[in-house]
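The block underneath contains the structure these notes are about, expressed in C-alpha cells.
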Amino acid sequence: MDPNPPLSDAERLLIEAYTTILSEPFEDKYEDRWEDAPFDLAIDVFKSRAQEIGFSDPFELLARFKIESYESIRSQLKKGPPLCFRPGWQSPLVGQRIDPYEVTSHCGHLLGPRFEGKQRVVVLEFWASWCDPCVEAGPDLSELADHYQHRGDDVAVIGINNESIFGVTKPADMDLLSSFLEANREGFRFTVLVDNDEGYAKDTVYKATAYRGIPCIVLVIDGLVTYVGAPQEQFRLTLDEAIETISLQSAKEP
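Residues 1 to 254, numbered by UniProt numbering, are exactly what the sequence shown covers, in order.
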C-alpha cells in the first residue's frame, strides 16, 4: 500500500484550511512579533472548519506531514524560519571567489554540454530528483539556458545533483538518476552533473552558502559569487544585470 496515497477532496480542503488559517497568517509573526491570543483564536476557527469538512481530529491527516499538535505548530511559528529564508538575508558566500571549473571537475557528467570553464557567467544549481521544487525549476532553467545560448551570451547553466544533500553523503545511484533524466529530459536542457561519492561540491560550495533549501542557485560572475538562493526572487534580475554589464564591456572593446 502506498504510504502517501493521493489526497481526497476533503483532505485537500483540510490542508487548505490549515494553510490559510493556521500557517500563512503567522509566517511573519515570529520571535518578538509573536502573540498567543490571535493564534488561539485561529485554532478555534480551524477546529470549526475541520468539523465542517468532516474531521473530528485533523491531526489524523496532518501527522502524515509531521504536524503533530497545535502546540508544535505554535512552537515552530514562534521560532520562525531559518535565517536563510528571512527577508534581507545574504549568504556569506556572496562576494567570495570560487572556481566553477575546479568544483565541477570533481563531478560526473550526466547530460548536456560539457563545461570547460570558459564562460564568464556560471549558474550552478544544487538539486535532487526527490525534490518537487527542483523538478519544477528544471524547465525554467532550461528556457534560461536556451535563451542565452541562442543569443550567444557567455553563460553556462549547470545542475549539480546530490541526492543526500541534507544528510550523510552517499554514492549516487546512477541507475536511478539515468532513469529520472531519461523520463524528464525535456525539463533538463542544460548541463547536468552528479556530485562525487565524497560530496565535494556539496561540502565546498553548498554548505558554504549557509542556504538550507533546494533548489539552490549559486550565480558566479568572473569567479565572484553574486547571488545565492532560490531560482526565483532576485536571481533573474541579478543575472540580467550581469549580462548587460558584460555586453556593454564587450561593445567597448576594440
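Cβ atoms here follow ideal geometry from the backbone N, Cα and C, with glycine treated the same way.
Nearest to residue i (by Cα), restricted to the options the options
i, options, result
"residue 312", "Leu-110, Ala-137, Gln-232 and Leu-176", "Absent from the model: residue 312. The displayed extent of the chain is 1 to 254, so no value can be given."
"Ser-69", "Pro-58, Lys-78 and Lys-79", "Pro-58"
"Ile-43", "Glu-31, Val-225, Ser-8 and Glu-71", "Glu-71"
"Arg-12", "Trp-34, Ile-53 and Tyr-30", "Ile-53"
"Ser-129", "Leu-83, Arg-185 and Phe-115", "Arg-185"
"Gly-199", "His-150, His-147 and Phe-166", "Phe-166"
Exposure of residue i, with buried meaning 16 or more beta-carbon neighbours within 10 Å
i, result
"Val-168", "exposed"
"Gly-229", "buried"
"Asp-2", "Below a pLDDT of 50, predicted positions are generally treated as unreliable, and Asp-2, at 37, falls in that range; the measurement from the model is reported next regardless. The residue is exposed, with fewer than 16 neighbouring Cβ atoms inside 10 Å."
"Phe-55", "buried"
"Phe-188", "buried"
"Glu-244", "exposed"
"Gly-159", "buried"
"Val-155", "buried"
"Arg-64", "exposed"
"Val-157", "buried"
"Phe-115", "buried"
"Ala-145", "buried"
"Arg-33", "exposed"
"Phe-26", "buried"
"Ala-10", "exposed"
Residue i and residue j closer than 7 Å at C-beta
i, j, result
"Pro-100", "Ala-210", "no"
"Arg-120", "Asp-222", "yes"
"Glu-143", "Pro-215", "no"
"Ile-73", "Leu-22", "yes"
"Cys-107", "Ala-201", "yes"
"Pro-171", "Asp-195", "no"
"Glu-31", "Gly-80", "yes"
"Arg-236", "Pro-82", "no"
"Val-103", "Val-205", "yes"
"Gly-117", "Thr-191", "no"
"Leu-219", "Val-94", "no"
"Leu-61", "Leu-14", "yes"
Where residue i falls: helix, strand or coil (DSSP)
i, result
"Asp-9", "helix"
"Cys-216", "strand"
"Gly-167", "coil"
"Tyr-227", "strand"
"His-150", "helix"
"Asp-2", "In this prediction, Asp-2 has a pLDDT of 37, which is less than 50 and means its spatial position is unreliable; what the coordinates show is noted afterwards. Reduced to three states, the DSSP call for Asp-2 is coil."
"Gly-187", "helix"
"Gly-138", "helix"
"Leu-248", "helix"
"Ile-221", "strand"
Extent of the continuous alpha helix (DSSP H) to which residue i belongs
i, result
"Ile-158", "Per DSSP, Ile-158 belongs to no alpha helix (DSSP H); it is in the beta strand (DSSP E), 155 to 161."
"Leu-77", "70 to 79"
"Leu-41", "36 to 53"
"Pro-100", "100 to 104"
Residue range of the beta strand (DSSP E) that includes residue i
i, result
"Glu-125", "121 to 127"
"Leu-62", "That residue, Leu-62, is in no beta strand (DSSP E); its alpha helix (DSSP H) goes 59 to 62."
"Thr-191", "191 to 194"
"Leu-83", "From DSSP, Leu-83 is part of no beta strand (DSSP E); its letter is neither H nor E."
"Gly-112", "Neither: Gly-112 is in no beta strand (DSSP E) and is coded neither H nor E."
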